[in-house]
Amino acid sequence: MKIENNIEEFESLGDDHIGTSSNTPLRNDAFKLSNEEKIDIIKDDVRHIMETLGLDLSDDSLSGTPNRVAKMFVKEIFGGLNPKKKPKASTFENKYKYGEMLVEKNITVYSTCEHHLLPIVGRAHIAYISNGSVVGLSKMNRIVDYFAKRPQVQERLTIQVVKELQEVLDTQDVACVIDAKHLCVNSRGIRDIESSTVTSEFGGKFKEEATRREFLDYIKLDTKF
Ligand SMILES: [Zn+2]
Numbered sequence: 001m002k003i004e005n006n007i008e009e010f011e012s013l014g015d016d017h018i019g020t021s022s023n024t025p026l027r028n029d030a031f032k033l034s035n036e037e038k039i040d041i042i043k044d045d046v047r048h049i050m051e052t053l054g055l056d057l058s059d060d061s062l063s064g065t066p067n068r069v070a071k072m073f074v075k076e077i078f079g080g081l082n083p084k085k086k087p088k089a090s091t092f093e094n095k096y097k098y099g100e101m102l103v104e105k106n107i108t109v110y111s112t113c114e115h116h117l118l119p120i121v122g123r124a125h126i127a128y129i130s131n132g133s134v135v136g137l138s139k140m141n142r143i144v145d146y147f148a149k150r151p152q153v154q155e156r157l158t159i160q161v162v163k164e165l166q167e168v169l170d171t172q173d174v175a176c177v178i179d180a181k182h183l184c185v186n187s188r189g190i191r192d193i194e195s196s197t198v199t200s201e202f203g204g205k206f207k208e209e210a211t212r213r214e215f216l217d218y219i220k221l222d223t224k225f
């Protein structure tokens with residue numbers, strides 16, 4: 001999607017939460033600076049924002065905030081921008097010859113809306129049908145977490161998780177549903193605390209009604225221990 005370089009249009013695009021690409025828009029030089037160099041620059045930027053707002057950075061409670069936020073941006077909540085952080089794609093032979101779908105549900109999602117830099121909190125549910133190889137269960141959680149640790153659009157996150165697992169498992173038969181709350185909707189703007197957003201991506205056999213239905217029925221199961 002081509003968008004005009006027009007501030008009003010960009011703003012409404014952000015408030016409507018429309019993404020422009022299934023790849024995270026990164027510049028080619030995104031990793032020329034080290035993490036430490038980035039933290040140093042961002043620290044000054046955060047300080048500048050706070051000072052502009054009129055805050056007194058010499059107050060004990062605020063003096064550490066620029067450095068804390070800069071470290072959190074680079075190493076934690078946006079740490080998944082760096083491809084080096086991508087979980088290793090180790091698969092195993094499907095020795096049990098288990099040919100049905102495997103569902104990993106209720107995976108915790110902590111991400112950040114790229115339009116407002118406010119949290120997205122929710123659950124991801126993933127399913128795949130083995131084509132001969134299987135993946136460790138926690139690998140699916142790690143893949144979700146890796147792509148979630150970026151400025152994100154929920155639709156893109158859903159697609160990125162599916163694409164990654166399709167590649168790792170060498171099959172199209174992968175699906176993902178994400179149900180998440182966006183704090184930019186819940187805590188500001190329209191301030192609707194009840195609403196959540198559901199996105200889904202169905203690959204291969206999951207495009208078929210019966211397979212898709214089976215996956216969605218498993219998600220609905222209430223798991224109590
Ligand atoms: Zn937002």
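Residue numbering for the sequence shown is 1 to 225, as defined by full-length UniProt numbering.
Don't be surprised by glycine CBs; every beta carbon is placed ideally from N, CA and C.
Quick caveat: nothing in here was measured; it's all calculated off a predicted structure.
| Query | Result |
| --- | --- |
| Residues near PHE73 by beta carbon distance below 7 Å, same chain, minus five either side | ILE42 |
| By C-beta, the residues closer than 5 Å to any heavy atom of ligand 1, given in chain order | CYS113, HIS115, HIS116, CYS184 |
| Cβ-Cβ distance between PHE202 and ALA175 below 8 Å | yes |
| Within 8 Å, strictly: CB atoms of TYR110 and PRO119 | yes |
| Best match in GLN152, ASP192, PRO83 for proximity to ASN28 [C-alpha to C-alpha] | PRO83 |
| Coil, strand or helix - PHE147 by DSSP | helix |
| Check whether PRO66 and ILE143 have beta carbons under 8 Å apart | no |
| Backbone CA spacing between GLN172 and LEU102 [nearest angstrom] | 14 Å |
| First through last residue of the beta strand (DSSP E) which encompasses VAL153 | Note, VAL153: premise wrong, no beta strand (DSSP E); not H, not E. |
| Residue range of the unbroken beta strand (DSSP E) whose run includes residue 226 | Outside the modelled stretch of the chain, which goes from 1 to 225, sits residue 226, for which no answer is possible. |
| Span separating the alpha-carbon of GLU190 from that of LEU117 | Sequence check: residue 190 is Ile here, not Glu. Straight-line Cα distance between these residues: approximately 16 Å. |
| SER133 to LYS139 span [Cα, whole Å] | 13 Å |
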